[in-house]
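Residue numbers (the working numbering), protein chains in the order written: chain A, 1 to 485; chain B, 1 to 491.
Okay, structure first, notes after.
So, in structure tokens, the structure goes:
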């Protein structure tokens, strides 16, 4: 048997079911590796001793019919976890311990999983490099000094560094897919309404969606199967028939029509990304799928639209962090002074920037020009996809316009940072599902991802395409464990 | 100048001004739980004991609409003869305050659940129609308490998230009396519907009052000022009176009225500027992305329509037709659903051969006086409808006189006693046996021979003396009509 932490979720679950491994052994193995991996800075809060207790308890009376039997999992620190500190990567929630559990994490525990700890992320999920976290940068296991992407950077790094067998992230504009692409892992952003938002610290409510992150497509499908449930506690949760994604997974995608949108061929895109894309096209052809050129004419408006809609919602969603009820409070002369100091000291620069943008675009006199117009463009972007899906079953694009960049490289240039989300953002605006799978390496040996965008509620379709492609790509991550001394 | 008594005009040396008033009434929806959470809405609980994670705006908490509150709003809309909007949208009204945990209030801004409607006022000089602009659903905020701690403001979130209906009138009101009647009518309709208890003391009904003035016969509206959060009809009337005069004085002095929000100081009886239009909050309204647009079907609305009880206007019409009441009497009896219920119960318990007029007089006279004195609601009436019906019947069938009835009524109050039993116990039954009364009268005439002669000689005033003597001798029980008849015969 290979080393525990090198095993996929599917293999670990099978070994536990076959009683070849105990939950305690598995849990301890991931904890041990996590302990040795402090330099990656993936954890904001560890819950290791509780995890071992839970694993022992599981082993005493193991329910082997569960989908995640005794599997230890670390999750993004945006999910509220009962009695375990939840910070959202922010100082303002530094000491916040929820009394409640998010629906998505509850679904995981209900299937037998065990919480290892809470993973680093950009502050309130606002960032593409994990550099906005109050709890410091996360190192990409691929190479020292490299960002893991964001905002689910801690999740992606912990996953590719084998500190957790699978993980969950959230994706508002690419926060699962871009870090997956940067770390050579698989990340799925489900259809808006597929996973409950209850108990997830909100960034932009109409875009936020939790999703699975895994070593491979099969694990990803299994985790999606667990976390996607209809939830009455979230009014935007949708009651549709969910597949048994892992069971129904197939590599047979013969005759599927895959769209290639010409607008994703952006100016200044590195040649290796274009080549990766062409390789991807060849792979799906090899699988028997049909390639069809399509147009998504409003693609270029997606990023500006996103950077109006998301900050607008965020500016309102983050108003509750005011020092009155919970979380960080600065001393002030009076209520207004307390608000100003609390929010100036409690929020980092990027969060403050987005609150200001959001406040501006909603202000009277600017609302029509920005927010309202952005909503109209959002509709046009969705219409583009609707139109395209009359001709194709799914769309294939690069996940990101580049591979992972160096820590600090884009920190002072928000626009260049925002451009990282250019291929992922339209999907959130349209509420569609999309998966990023590792598809190759750049000249430095850094991973590059391809994105498959599906029709709403057709997660199974894109998982199948990804599953078939995965086989052809046969991607291997070059991770040297450089951080382990 | 018009002689119309109900007209409210402000006169100055050279000009006469008309006052234009519009109301934004905030009515708390009668419901067990809040608009977007399952916390209780019960009034008077210990501070911060009825607060859910949603109400306190914990991270990741989401609002879920309370369908019952939606029904209540639609029912109210039907009661206001208003257009029900099948699609409405919840917006966020953003502002910071310590008692607003989310940092925004969920309200309906562009697309309210109820559109235009009308309310009919019964004024002394006839009916008047007041237009309703809209009704929308929104959350209440918590309560800030500034006077319990010298250093700190305390916050009670029990009210945070409770459902309110904001009912906006058109600027159709012209006098403080109309405002009073309008509020009472709104309250009456909502109480009939069971959608708001209308309790102003508990804050279930509050209003912002918009006041402007203009020269009489002018068609243009003046600049309005909004007086925030006035919580009694009396204060509304006082505030309007003060504010209208203040505005007229400004105009007379050649000054301009600033559009602003003002507060009414109940102690000093004056309105004070709170903030000007320039300082007005920018609430940055936008559709709440946590909630989908609210869509209701025709079927849903029709089902609610079928549950709507007879409302005051219809009931009044029926009372006039069915019971031959005057418009005035009917208006009083339908003003409150409980009064109308009491009245109808009295009528039904009276059985055949009813004297409705007499019953109305007893309810609006004696009974109302008792309720008033004791500060009781009709539902707390010390005399049940059944016993009041019996009393009226005892008068009607001649068992007791009206005068004796008043004595019995007093005795009934204590313990809701059966008047029939009191009559029997105290021997208060009216003496209607002509033979007994003849004997009694014979004796009186005998004892007062001289007076009888004087009467016969033309001193007709003395007739009253004999009636009095007869009543006295009978202990007040003699049937006065019979006494009259017998005396006329005998004297």
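The beta-carbon is built from N, C-alpha and C at its ideal position, and this holds for glycine as well.
Given the structure is predicted, the values throughout are model-derived calculations rather than measurements.
- Listed along the chain, the chain A residues whose CB falls inside 7 Å of the CB of residue 102 of chain B are 319 and 320.
- The straight-line gap separating the alpha-carbon atoms of residue 230 of chain A and residue 149 of chain A is approximately 30 Å.
- The Cβ atoms of residue 187 of chain A and residue 180 of chain A sit closer than 7 Å to each other.
- Across the segment 262-293 of chain B, CB contacts with chain A closer than 7 Å involve 282, 284, 286, 289, 290, 291 and 292, in sequence order along the chain.
- Rounded to the nearest angstrom, the gap between the Cα atoms of residue 445 of chain A and residue 405 of chain A is 12 Å.
- Considering only B:251, B:253, B:270 and B:274, the residue with the shortest C-alpha distance to residue 261 of chain B is B:274.
- Between the alpha carbons of residue 217 of chain A and residue 449 of chain A lies a distance of about 13 Å.
- For residue 334 of chain A, the number of other beta carbons within 10 angstroms of its own is below 16, and it is reported as exposed.
- When rounded, the separation of the alpha-carbon atoms in residue 163 of chain A and residue 79 of chain A is 18 Å.
- Around the CB of residue 240 of chain A, fewer than 16 other CB atoms lie within 10 Å, so the residue is classed as exposed.
- Look at residue 325 of chain A: its C-beta is under 7 Å from a C-beta on chain B.
- For residue 179 of chain A, the enclosing alpha helix (DSSP H) covers residues 177-183.
- Not one beta carbon of chain B lies nearer than 7 Å to the beta carbon of residue 287 of chain A.
- Annotated as proximal: residue 432 of chain B and residue 479 of chain B, with beta-carbon spacing under 7 Å.
- Listed in chain order, the alpha helix (DSSP H) elements of length 4 or more contained wholly in the segment 438-466 of chain A amount to none.
- A contact is defined here as three or more CB-CB pairs under 8 Å, and the segment 203-215 of chain B meets this definition with respect to the segment 18-27 of chain B.
- About 16 Å separates the beta carbons of residue 418 of chain B and residue 397 of chain B, which is beyond the 8 Å limit, so they are not a contact pair.
- Residues of chain B whose Cβ lies closer than 8 Å to the Cβ of residue 195 of chain A do not exist; the shortest such Cβ separation is about 13 Å.
- The DSSP-derived three-state label of residue 352 of chain A is helix.
- Chain B has no Cβ within less than 7 Å of the Cβ of residue 152 of chain A.
- Taking residue 472 of chain A as the centre and dropping the five residues before and after it, the same chain places the C-beta of 283, 286 and 287 closer than 8 Å to its C-beta, in chain order.
- Here DSSP, grouped into helix, strand and coil, assigns residue 262 of chain B to strand.
- Note on geometry: alpha-carbon atoms of residue 250 of chain A and residue 15 of chain A lie some 23 Å from one another.
- Residue 241 of chain B and residue 176 of chain B have their alpha carbons spaced roughly 7 Å apart.
- The straight-line gap separating the alpha-carbon atoms of residue 329 of chain B and residue 322 of chain A is approximately 56 Å.
- For the segment 39-57 of chain B, the set of residues with a beta-carbon nearer than 8 Å to any beta-carbon of chain A comprises 53, 56 and 57, in chain order.
- If you keep only unbroken alpha helix (DSSP H) runs of at least 4 residues inside the segment 340-399 of chain A, you get 349-362 and 373-388.
- Close partners of residue 174 of chain B in chain A (Cβ separation under 7 Å) are lacking, with about 32 Å as the shortest Cβ gap.
- Apart from sequence neighbours up to five positions away, the residues of its chain that approach residue 37 of chain B with a beta-carbon distance below 6 Å are 52, 54, 55 and 161, ordered along the chain.
- In this structure the segment 83-93 of chain A touches the segment 42-51 of chain A; the number of beta carbon pairs closer than 8 Å is three or more.
- Pairing residue 256 of chain A with residue 451 of chain A, the inter-Cα distance amounts to about 16 Å.
- Contact with chain B is found for residue 313 of chain A, since one of that chain's Cβ atoms lies less than 7 Å from the residue's Cβ.
- Across the segment 357-383 of chain A, CB contacts with chain B closer than 8 Å involve 359, 362, 363, 364, 367 and 371, in sequence order along the chain.
- Counted as a single uninterrupted DSSP element, the stretch harbouring residue 334 of chain B is not any beta strand (DSSP E) but the alpha helix (DSSP H) occupying residues 327-334.
- Beta-bridge annotation (DSSP): residue 478 of chain B is paired with B:431.
- Contact between residue 491 of chain B and residue 452 of chain B holds: CB atoms are separated by about 6 Å, below the 8 Å threshold.
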